[in-house]
Amino acid sequence: MGGVTIADEVQVGFGRLGSWFWGFQQQDVVPDIVAVAKSIGGGFPLGAVITSRTIADRYRSQGYFFSSTGGSPLSSVVGLTVMDIIEEEQLQANARVVGAHLKARLQALGKRHPLVGTVHGDGLYLGLEFVRDRTSLEPATKETRAICNRLLELGVIMQPTGDHQNVLKIKPPLCITQQSVDYFVDMLDQVLLTGF
């Protein structure tokens with residue numbers, strides 16, 4: 000059978016990347032197994048594993064899968080309703096449009112504030128890295144923590160992440176408005192300008 004490709008779509012799936020419904024589409028691959036959670040339930044605790052009939056049949060012949068809450072009708076209805084809402088409210092398109100606006104505004108911050116190292120990601124799954132020096136890329140760990148604390152005082156909840164705790168992982172809800180992302184960037188700009 001060879002190797003099996005598994006795509007972890009827990010954070011990036013369901014249109015969050017804007018131009019792609021699934022993260023693996025961005026990579027132009029078709030995985031054998033897709034793991035999903037969080038977004039599939041829209042806040043309701045729900046996860047799923049998606050695979051081909053061939054793999055499912057082989058797994059079935061070699062044992063069985065047990066879950067005390069698997070296949071719950073309520074969970075199934077929630078998952079289907081979430082997918083309907085994503086389509087009806089055009090939330091993937093919102094992720095693309097609002098996400099592009101947010102990314103452009105964050106990149107503009109980088110031109111004005113040397114602490115901003117890179118902005119990466121797509122749609123409404125972005126990362127903003129803070130560095131002390133853009134040449135050495137020394138992580139701005141303490142500064143990032145202080146920035147998050149100051150943002151919290153201004154009504155914006157963020158927390159440092161990444162190996163050096165110098166990255167802001169920006170994953171707002173798919174329904175976020177341009178006005179809300181502008182508030183976030185304006186507050187971040189204010190913190191970077193006035194000190195933290």
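Counting from 0, one number per residue, gives the positions in the sequence shown under numbering that gives the first Met the number 0.
Backbone N, C-alpha and C define an ideal beta-carbon position, used for all residues, glycine too.
For clarity, every value in this text was computed on a predicted model and none was experimentally measured.
DSSP places Val166 in the uninterrupted beta strand (DSSP E) bounded by Val166 to Ile169. The residues Met157, Gln158, Pro159 and Leu167, in chain order, have a CB closer than 8 Å to that of Cys147 in the same chain once the five nearest residues on each side in sequence are set aside. Excluding its 5 nearest sequence neighbours in each direction, Lys170 has C-beta neighbours in its own chain below 6 Å: Tyr124, listed in chain order. Contact check for Gln177 and His100: beta-carbon distance about 6 Å, within the 8 Å limit, so the pair qualifies. Taking C-beta separations shorter than 8 Å and ignoring five residues to either side along the sequence, the partners of Ile54 in its chain run Val3, Asp31 and Ile32, following chain order.
Remark: C-beta atoms of Val35 and Gly12 approach each other more closely than 8 Å. Taking a 10 Å sphere around the C-beta of Asp83, we find fewer than 16 other C-beta atoms and assign the residue as exposed.
Exclusion of the five residues before and after Gln164 leaves Pro138, Thr140, Thr143 and Arg144 as the residues of its chain whose Cβ lies within less than 8 Å of its Cβ.
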